[in-house]
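Heads up: the sequence shown is residues 2 to 297, going by this note's numbering. Accompanying notes for the structure given below.
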Amino acid sequence: MTLTKEDIIIGFVGTGVMGKSMAGHLLKAGYPVVVYNRTKTSAEDLIEMGAVWQDTIAELAERSNVVITMVGYPKDVEEVYLGADGIIKHAKAGSYLIDMTTSAPDLAKNIYKEALDLGMYALDAPVSGGDVGAKEARLAIMVGGEEEAYKAMLPIFNCLGKNIVLQGSAGSGQYTKMCNQIAIASNMIGVCEAMAYAQKAGLNPENVLKSIETGAAASFSLSNLAPRMLANNFAPGFYVKHFIKDMTIALDSAQQMGLLTPGLALAKTLYEKLADQGEENSGTQALYKLYQECKS
2 MTLTKEDIII
12 GFVGTGVMGK
22 SMAGHLLKAG
32 YPVVVYNRTK
42 TSAEDLIEMG
52 AVWQDTIAEL
62 AERSNVVITM
72 VGYPKDVEEV
82 YLGADGIIKH
92 AKAGSYLIDM
102 TTSAPDLAKN
112 IYKEALDLGM
122 YALDAPVSGG
132 DVGAKEARLA
142 IMVGGEEEAY
152 KAMLPIFNCL
162 GKNIVLQGSA
172 GSGQYTKMCN
182 QIAIASNMIG
192 VCEAMAYAQK
202 AGLNPENVLK
212 SIETGAAASF
222 SLSNLAPRML
232 ANNFAPGFYV
242 KHFIKDMTIA
252 LDSAQQMGLL
262 TPGLALAKTL
272 YEKLADQGEE
282 NSGTQALYKL
292 YQECKS
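Structural data, given as structure tokens:
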């Protein structure tokens, strides 16, 4: 089933730190958007922009023909899609279902199969870029699913991101996102250690950043999160608790493949220590606090 822009009604589930910006871009692009979130207050800005609130996911699914989800954990994804009051049991045949949560590859494959059996098209399309990428509509979007469905939804993806790649069949988007999180995990350790080292050496860390962020050490975390660390700004662009969730998925998947990932395992241990200190709702840059505590 091919939908024109005039035919599309987008249901958006999950209007948190990133989802709110993403749904806002779709509204600005002229798409009708209906929204659902566990707490209505987080959707109020979108409602003021013209989004229509739905009291349940079932109602949202019944009213939409494209459903986008951006929720927290795989258990949330499973409930939202496969629960008795979930999307698959209430969406219309021919609907496109796009999960942009970072979730488990096996769950993405299961959702795809369940949707296909009922004549729906499911894509797993996790994103990278954090709150800044979401606000500026320049997310990297990693897509798994059928090429025809990907092409049909590409105009919607183009409202949200700048680097959009179909990675392969169902689950491939989530596998790719795990590659992304594995790379970030060890990099965050390096960024924190570099800034701590600069301070211990008596350097001006801001000046150090000017020298190293455009060289071989360049990374998103170094350019975007190191300045937040140095400013003691630990507000979440991406939650510590969600990063731990992602690393857990990646570790479980790697173990299934028989792959050793010691850098990822170390990063998860450090972030779990940070969460145990009450920082689970801080941004991932709060890892720097562990280095501020170190005296030796």
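Ideal placement from N, C-alpha and C gives every residue a C-beta, glycine not left out. This structure is a prediction, so every number in the text was calculated from the model and none was measured.
{"query": "Burial state of N66, where buried means 16 or more other Cβ atoms lie within 10 Å", "result": "buried"}
{"query": "Distance between G120 and A171 (C-alpha atoms, nearest Å)", "result": "15 Å"}
{"query": "Residue range of the unbroken alpha helix (DSSP H) whose run includes D86", "result": "From DSSP, D86 is part of no alpha helix (DSSP H); its letter is neither H nor E."}
{"query": "For M143: DSSP bridge partner residues", "result": "V166"}
{"query": "Beta-carbon spacing of G284, F221 below 9 Å", "result": "no"}
{"query": "Paired residues, beta bridge with S129 - DSSP", "result": "A141"}
{"query": "Secondary structure of S297, DSSP reduced to three states", "result": "Model confidence at S297 stands at a pLDDT of 47, short of 50, so the residue's coordinates are unreliable and nothing is read from them."}
{"query": "Distance, G216 Cα to M101 Cα", "result": "32 Å"}
{"query": "Exposed unless 16 or more other CB atoms sit within 10 angstroms - verdict on M143", "result": "buried"}
{"query": "Under 9 Å between C-beta atoms of A85 and Y122", "result": "no"}
{"query": "Stretch pair the stretch 33-47 + the stretch 191-202: three plus CB contacts closer than 8 Å", "result": "no"}
{"query": "Exposed unless 16 or more other CB atoms sit within 10 angstroms - verdict on P106", "result": "buried"}
{"query": "Uninterrupted alpha helix (DSSP H) stretches inside the stretch 50-108 (no shorter than 4 residues)", "result": "58-64, 75-83, 88-91"}
{"query": "Own chain partners of T16 with C-beta closer than 7 Å, once the 5 adjacent residues on each side are dropped", "result": "A24, V36, N38, S43, A44, L47"}
{"query": "Contact check, E207 vs P228, beta carbons under 9 Å", "result": "yes"}
{"query": "Cα-Cα separation between M196 and F13, rounded to whole angstroms", "result": "39 Å"}
{"query": "Own chain partners of V133 with C-beta closer than 7 Å, once the 5 adjacent residues on each side are dropped", "result": "N225, G238"}
{"query": "Rounded distance between the beta-carbons of A126 and I99, thought under 8 Å", "result": "5 Å"}
{"query": "The stretch 243-251 / the stretch 172-186 touching (three or more Cβ pairs under 8 Å)", "result": "yes"}
{"query": "Closest Cα partner of S96 within the set D118, A109, E79", "result": "D118"}
{"query": "Where Y32 sits in the DSSP three-state scheme", "result": "coil"}
{"query": "Member of W54, Y113, T270, K163 whose CA lies at the smallest distance from the CA of S129", "result": "K163"}
{"query": "N- and C-terminal bounds of the alpha helix (DSSP H) containing F235", "result": "Note, F235: premise wrong, no alpha helix (DSSP H); not H, not E."}
{"query": "Beta-bridge pairing of L124 - partner residues as DSSP gives them", "result": "I99"}
{"query": "Cα-Cα separation between L265 and E79, rounded to whole angstroms", "result": "25 Å"}
{"query": "Cutoff 6 Å; reference L140; Cβ partners in own chain excluding five residues on either side", "result": "V128, G130, G134, L161, G162"}
{"query": "Cβ separation of V241 and A287, assumed to be a contact under 8 Å, to the nearest whole Å", "result": "6 Å"}
{"query": "Cβ neighbour criterion (16 or more within 10 Å) applied to Y198", "result": "exposed"}
{"query": "Cβ-based burial, T177 [other Cβ within 10 Å; buried from 16]", "result": "buried"}
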